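Peer 1: Protein chains in written order, with the numbering used here: chain A, 175 to 289; chain B, 7 to 122.
Note that CB positions come from ideal geometry on N, CA and C, so glycine has one too.
A quick note: this is a predicted structure, and the numbers were derived from the prediction, not measured.
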Amino acid sequence: GESVGLHLPTLSVQEGDNSIINCAYSNSASDYFIWYKQESGKGPQFIIDIRSNMDKRQGQRVTVLLNKTVKHLSLQIAATQPGDSAVYFCAENGGGGTSYGKLTFGQGTILTVHP
Amino acid sequence: GAGVSQSPSNKVTEKGKDVELRCDPISGHTALYWYRQRLGQGLEFLIYFQGNSAPDKSGLPSDRFSAERTGESVSTLTIQRTQQEDSAVYLCASSLLFGSGNQPQHFGDGTRLSIL
Chain A
175 GESVGLHLPT LSVQEGDNSI INCAYSNSAS DYFIWYKQES GKGPQFIIDI RSNMDKRQGQ
235 RVTVLLNKTV KHLSLQIAAT QPGDSAVYFC AENGGGGTSY GKLTFGQGTI LTVHP
Chain B
7 GAGVSQSPSN KVTEKGKDVE LRCDPISGHT ALYWYRQRLG QGLEFLIYFQ GNSAPDKSGL
67 PSDRFSAERT GESVSTLTIQ RTQQEDSAVY LCASSLLFGS GNQPQHFGDG TRLSIL
């Protein structure tokens, strides 16, 4: 079946640097994408989402870019802080129908921010 | 509370026993979802509810797994005759009604299930 995947399983950055986490998706029918941050022992925390009619969306210190041509999603974190250290997951909705509520998650990228 | 609440936070049980996991969604959220997360892995969809009905049960691993929701609020996930491979964190999420499109799913902290 189709799945969402991540290019890099780990990313280490220095405090203050910008971070970019990448995600490739294969289901061309997906029209909703979302990024989550998960800290140890906690549930995933919503960061930002984007619909397929957009190619960029900005939040506080975060930007999500969507390239539908190459089926690529990225999360940019500006001025990364030690508190940003966590596992980051991208997810897609698979395009709808009776599975509209179902999100398919990637395996995650571990972000480590060094002070 | 303001967020999704799950109980118990941890559950240890013997192989073959039944377990029941509970989820209290965010007030006003009509959609509710269950996922499973094995150690070091991404989330695996199990089932979702729109109100009290479940349009998609495709992720339930076997007929030992079942879920129900009543009053468009609390949901329970039941695993019968537990097996060791059922050990995982079970996460619940809720969201507003889809409307014109997906809405962000907000997660609880999960129930960590360990089968001895």
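1. Relative to the C-alpha of P67(B), which candidate in G46(B), A94(B), G57(B) has its C-alpha closest?
2. State the Cα-Cα distance for the pair A253(A) and Q212(A), rounded to the nearest angstrom.
3. Contact check, I121(B) vs Q89(B) under 8 Å by CB: the rounded distance?
4. Which partner residues of E50(B) appear in the DSSP bridge assignment?
5. If you draw a straight line from the alpha carbon of P183(A) to that of L240(A), how long is it in whole angstroms?
6. Of all the options G233(A), K242(A), Y210(A), C197(A), which has the alpha carbon lying nearest to the alpha carbon of N227(A)?
7. Which of the three DSSP states, helix, strand or coil, is assigned to D92(B)?
8. Along chain A, in chain order, which residues have C-beta atoms closer than 8 Å to that of H35(B)?
9. So, using beta-carbon positions, are F113(B) and L102(B) closer together than 8 Å?
10. When burial is assigned at 16 or more other CB atoms within 10 Å of the CB, is V10(B) buried or exposed?
11. Does the contact criterion of 3 or more C-beta pairs under 8 Å hold for the stretch 18-25 of chain B versus the stretch 45-60 of chain B?
12. Contact check, I195(A) vs T283(A) under 8 Å by CB: the rounded distance?
13. Does DSSP put P256(A) in a helix, a strand or coil?
14. If we count the other Cβ atoms within 10 Å of its Cβ and call it buried at 16 or more, is Q109(B) buried or exposed?
15. How many angstroms separate the CA atom of H288(A) from the CA atom of S79(B)?
16. Is any beta-carbon of chain A found at less than 8 Å from that of F71(B)?
17. Relative to the C-alpha of E20(B), which candidate in S33(B), D62(B), G116(B), D92(B) has its C-alpha closest?
18. Roughly how many angstroms lie between the CA atoms of A99(B) and C29(B), to the nearest whole one?
19. Would you verify that the beta carbon of T184(A) is, or is not, closer than 8 Å to some beta carbon of chain B?
20. Could you tell me which chain A residues have their CB closer than 9 Å to the CB of G123(B), listed as they occur along the chain?
21. Closest to P43(B) by CA distance: which of L52(B), T36(B), F71(B) is it?
22. Would you mind working out which of K17(B), Y41(B), A8(B) sits nearest I32(B), comparing C-alpha positions?
23. Tell me, which residues are paired with L239(A) by DSSP?
24. Do we get a CB-CB distance below 8 Å when we pair D62(B) with the residues of chain A?
Peer 2: According to the structure shown:
1. A94(B)
2. 19 Å
3. 6 Å
4. R42(B)
5. Spanning the two alpha carbons is a distance of roughly 20 Å.
6. The residue with the shortest Cα to Cα distance from N227(A) is K242(A).
7. helix
8. Listed along the chain, the chain A residues whose CB falls inside 8 Å of the CB of H35(B) amount to none; the nearest CB is some 12 Å away.
9. No; because the gap between Cβ atoms is not below 8 Å, this pair is not in contact.
10. buried
11. no
12. 5 Å
13. Collapsing the DSSP output to three states places P256(A) in a helix.
14. buried
15. Here the C-alpha atom of H288(A) lies approximately 42 Å from the C-alpha atom of S79(B).
16. Judged by the 8 Å Cβ criterion, F71(B) is not in contact with chain A.
17. D92(B)
18. 8 Å
19. It does not: the Cβ of T184(A) has no partner Cβ on chain B nearer than 8 Å.
20. Any question about residue 123(B) goes unanswered here, given that chain B covers just 7 to 122.
21. Position check: residue 43(B) holds Gln in this sequence, whereas Pro was assumed. Nearest option by C-alpha distance: L52(B).
22. A8(B)
23. K230(A), S248(A)
24. yes
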